[in-house]
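In my numbering, the protein residues as written are 291 to 567.
#1: What are the boundary residues of the alpha helix (DSSP H) that residue 404 is part of?
#2: From which residue to which residue does the alpha helix (DSSP H) around residue 428 run?
#3: Check residue 349 in the structure and name its three-state DSSP category.
#4: Write down the C-beta distance between residue 346 and residue 380 rounded to the nearest angstrom, noting that I regard them as a contact closer than 8 Å.
#5: Whether or not the segment 396 to 413 and the segment 361 to 373 are in contact is what I'm after, with contact meaning three or more pairs of Cβ atoms, one per stretch, closer than 8 Å; do they touch?
#6: Residue 385 and residue 477 - do their beta-carbons sit closer together than 8 Å?
#7: Return the CA-CA distance between residue 525 and residue 515, expressed in angstroms with no decimal places.
#8: With residue 341 as the anchor, note down where its alpha helix (DSSP H) starts and where it stops.
#9: For residue 568, does the three-state DSSP call read helix, strand or coil?
#10: Out of 338, 441, 551, 472, point me to the one whose CA is closest to residue 304's CA.
#11: Please classify residue 298: does DSSP put it in a helix, a strand, or coil?
#12: Please report how far the alpha carbon of residue 531 lies from the alpha carbon of residue 499, in whole angstroms.
#13: On the criterion of 16 or more Cβ atoms from any shown chain inside 10 Å, does residue 348 qualify as buried, or is it exposed?
#14: Quick check: what's the CA-CA separation for residue 568 versus residue 479?
#15: Do you know how far the Cα of residue 487 is from the Cα of residue 423?
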């Protein structure tokens, strides 16, 4: 909303400064028009805020009429272009705002739905564990018996200071009775099995995605290592080739030096021989 307000005010200031400020437009009261361009709070709201605000609802008022009455004026053409850009940009911002509101509402509804679903699942499972083991109408007799039992042990505990009903089915976080703990554990298992299954499934999907991503990363690293290794191998081969070429060149130079020395010694021996004409 702040971005939309900034865009609206920016267009209002720019367009009104082009349309109503020059006296050649004949819109202001100074040139016989009906537009009051005095700089006060009322004029700012009337000519900058209000008209641009109603553009959001498609109400252009006299905006297009005033612009179309001077089709050859530069300020009219510039304001037409500015108005088109302003409307496109504002519509894009409104669309994004609508999408964001729907997304937020959907996330909230989804979260509320999950909470309601888990609450109903808990109540349904607890009702299943605490309901009568008999079918109607026999279950009515069981309920009457259970109610009478509760009333009897209440009177016994209240007036005779006796212990409570040890065989009644209760749901406690910590229980002193082993069979109650077993029943509570069974209840927990039945209640959380589906939720745990969903969580494990989600974790498996996430691990599969991360594993596939790590496998692709490992593959890329392996390819890079293979490329580096092949590059090192090529460099070593090139180095060996250069060394072989240097050795061959060295042998060739040594041979040339030997031949040159032999030729020099031969000429020296010929020049030093007296029988040589």
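Note that CB positions come from ideal geometry on N, CA and C, so glycine has one too. Small disclaimer: the values here were computed from a predicted structure and weren't measured.
With the structure as the only source:
#1: Unbroken alpha helix (DSSP H) run through residue 404: 364 to 420.
#2: 428 to 449
#3: coil
#4: 7 Å
#5: Contact fails: fewer than three Cβ-Cβ distances are below 8 Å.
#6: no
#7: 15 Å
#8: 340 to 344
#9: Not covered by the structure: residue 568. The range shown for the chain is 291 to 567.
#10: 338
#11: helix
#12: 47 Å
#13: Exposed, because fewer than 16 other Cβ atoms sit within 10 Å of the Cβ of residue 348.
#14: The question about residue 568 has no answer, for the chain in this structure spans 291 to 567.
#15: 28 Å
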